[in-house]
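In what follows, a single structure is set out as structure tokens and then discussed.
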Amino acid sequence: MKKKNKLIFIPMIFISILFFYNIAKSHEVSLPNFGFICIDEVNKQKFEFIFSRNANDSSDIVFRRIDGKFKFIGNVLAQKSGAYSLWEDKILFKTTEFAWNLDKVTSILTPIFLSVGLDIEDKSKIPEKITCNSRSIYY
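In numbering that gives the first Met the number 0, the protein residues as written are 0 to 138.
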């Protein structure tokens with residue numbers, strides 16, 4: 000009887016490990032994906048964004064390329080198909096609530112400050128309105 004319990008217990012441990020590994024990877028992007036590449040000519044900055052669905056497929060989440068790898072930066076706050084998309088960026092500033100607004104008709108990306116926290120962060124790294132190109136992004 001004990002041998003039967005061991006035979007059942009070992010596969011259950013293996014399945015549990017695989018299950019929790021998949022949950023831990025739920026905020027990673029698979030390739031290729033559709034996104035936007037925005038280049039700020041003045042500050043020589045490049046912003047790359049990818050949109051994906053969250054794990055339970057209820058809302059869109061946003062990733063930005065940081066140090067060569069796409070990292071989760073926040074959720075889509077509002078969008079209208081073919082018109083605009085507004086999403087938060089929790090990585091760019093730590094004490095300031097910041098968002099991006101993309102006009103899908105003109106492909107212009109606009110930075111938006113939602114609220115200023117301690118006002119200790121350098122806001123000069125934020126570009127003015129910049130033009131974006133939509134494309135499939137490979138990484």
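For each residue, glycine too, the CB sits at the ideal point set by N, CA and C.
Please report the Cβ distance between Ala192 and Asp88, rounded to the nearest whole angstrom; I am assuming they are in contact, meaning their Cβ atoms lie under 8 Å.
Any property of residue 192 remains undetermined from this structure, which presents the chain solely from 0 to 138.
Once DSSP output is grouped into helix, strand and coil, what is the label at Ser123?
Correct three-state label for Ser123: helix.
Which residues bound the beta strand (DSSP E) around Asn74?
Secondary structure note for Asn74: its beta strand (DSSP E) is the uninterrupted segment 68-79.
What residue range is occupied by the uninterrupted beta strand (DSSP E) comprising Phe92?
From DSSP, Phe92 is part of no beta strand (DSSP E); its letter is neither H nor E.
Have a look at Ile107 and Lys43 and give me their C-alpha separation to the nearest angstrom.
C-alpha separation (whole angstroms): 17 Å.
Could you round the C-beta distance between Phe35 and Asn100 to whole angstroms and report it? I think they count as a contact, below 8 Å.
Contact doesn't hold; Cβ gap of about 12 Å is too wide.
At a threshold of 8 Å, does Leu91 count as lining the ligand PLP (C-beta to nearest heavy atom)?
Absence of the ligand PLP from the depicted structure is noted, as is the absence of any ligand whatsoever, leaving it without description.
Checking the sheet assignment: what are the DSSP bridge partners for Leu117?
As computed with DSSP, Leu117 is found in no beta bridge at all.
For Lys70 and Ser84, which I take to be in contact (beta-carbon distance under 8 Å), what is that distance rounded to the nearest angstrom?
The pair is not a contact, with the Cβ atoms about 19 Å apart (cut-off 8 Å).
Euclidean distance between Cα positions of Glu96 and Arg52
Going by the C-alpha atoms only, they are around 22 Å apart.
Would you list the one or two residues that DSSP bridges to Asp102?
Beta-bridge pairing links Asp102 to Tyr83, Ile107.
Which residue wins for smallest C-alpha separation from Ile90, given the options Glu40, Arg63, Cys37?
It is Arg63 whose Cα lies nearest to the Cα of Ile90.
Residues of its chain near Val41, where Cβ-Cβ distance is below 8 Å and the 5 sequence neighbours each way are ignored:
For Val41, where only same-chain residues beyond five positions count, the Cβ hits under 8 Å are Pro126, Glu127.
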